[in-house]
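Take the sequence shown: its position 39, counted from the start at 1, is 35 in our numbering, and no numbers get skipped.
For each residue, glycine too, the CB sits at the ideal point set by N, CA and C.
These numbers were taken from a predicted model, which means no experiment stands behind them.
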Amino acid sequence: MGNDIHIAVLSAIENKNYTYSGLAINPTGDGALNIRTDLTEGTDYRVVYSSANLIDANPKITVSIQGLGTWGETAPIGTFSIDPVDFYSDNLTIEVPAYTLLYNEDPNDALVSIKEKVVVKLGGVALPLEDFDIITGLITNRTQATVEVKPDAGNGNFTKGTRTVITDIKAYTGNETIAAPVAFASYANGVLTLTNLDGKIVTIASLNGKIIARFAVSGDRVEKAIDLAQGIYILKAGKTATKFIVR
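Next comes the structure, spelled out in structure tokens:
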């Protein structure tokens, strides 16, 4: 029979209440684990938790020492909690950079791109956007947008609340994309029509940067069959860039 790991644990850890930080909690760090020094972690024992998720809010997680090799049994040594954060905490920041319109882009169409540029940080740690409900809308002057952010219904890491940020929408300047006035692209019924783009390399990408198609244009007017799902796409041809919507 092996040795019982209970006899190697010299004391329990302090039961603590941590606050959600977006990072994994390590309750046995900073010398909190008091175990015989002749035992080696990974060879004689390992630290295990009642939950594999040490990031998200949880009212109770049990910490135990599990014996390995010649050491057997599992000894609970303490518990801790990860508490939700006040959504109005000064430690939580919502960043929405100003948005510059693309060539011929309507401010309404820009709301999708603005939403994707939102950054939610807690103590400098960027959090997954899928954990939040984000609603964008135009202000009457159409040169600004409101961005409302609140925790998703399944996000228990924050108290309930909604925070609003206002960001600027800047007019197209020609510095971001240079479009020849005679160049034209349209999409309808599964066919992409390109006009006056002869010799250009055309790239079609989704808003998240995934390339859907890339090909060379030969001719002043080219029709190419491309199957595109509903959504907003970016077409680039040389220095020309524009968005188009498939409904």
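Does the distance from the CB of Ala94 to the CB of Thr160 come in under 7 Å?
Taking a C-beta distance under 7 Å as the contact criterion, Ala94 and Thr160 do not qualify as a contact pair.
From what residue to what residue does the beta strand (DSSP E) around Asn13 run?
Lys12 to Thr15
Going by Cα to Cα distance, which pick from Phe240, Gly152, Leu88 and Leu134 is closest to Ala53?
Gly152
Taking Cβ positions, are Gly186 and Ala141 nearer each other than 7 Å?
no
Go ahead and label Thr132 buried or exposed: buried means 16 or more other beta carbons lie within 10 angstroms of its beta carbon, across all protein chains shown.
Here Thr132 is buried. Its C-beta has 16 or more other C-beta atoms within 10 Å.
As an exercise, report each continuous beta strand (DSSP E) stretch of at least 3 residues that is fully enclosed by the region 87 to 154, in chain order.
88 to 91, 115 to 118, 128 to 134 and 140 to 147
By Cβ distance below 6 Å, which residues in the same chain neighbour Glu91 in space, the five residues on each side in sequence not counted?
Val115
Ordered along the chain, which non-local residues of its own chain (more than five positions away) have a Cβ less than 8 Å from that of Ile197?
Only Arg210, Phe211, Ala212, Val213, Ala233 and Gly234 meet the Cβ criterion.
Excluding the five sequence neighbours on either side, which residues of its own chain have a C-beta within less than 6 Å of the C-beta of Leu123, listed in chain order?
Gly18 and Val116
Would you identify the three-state DSSP class for Ala201, choosing helix, strand or coil?
strand
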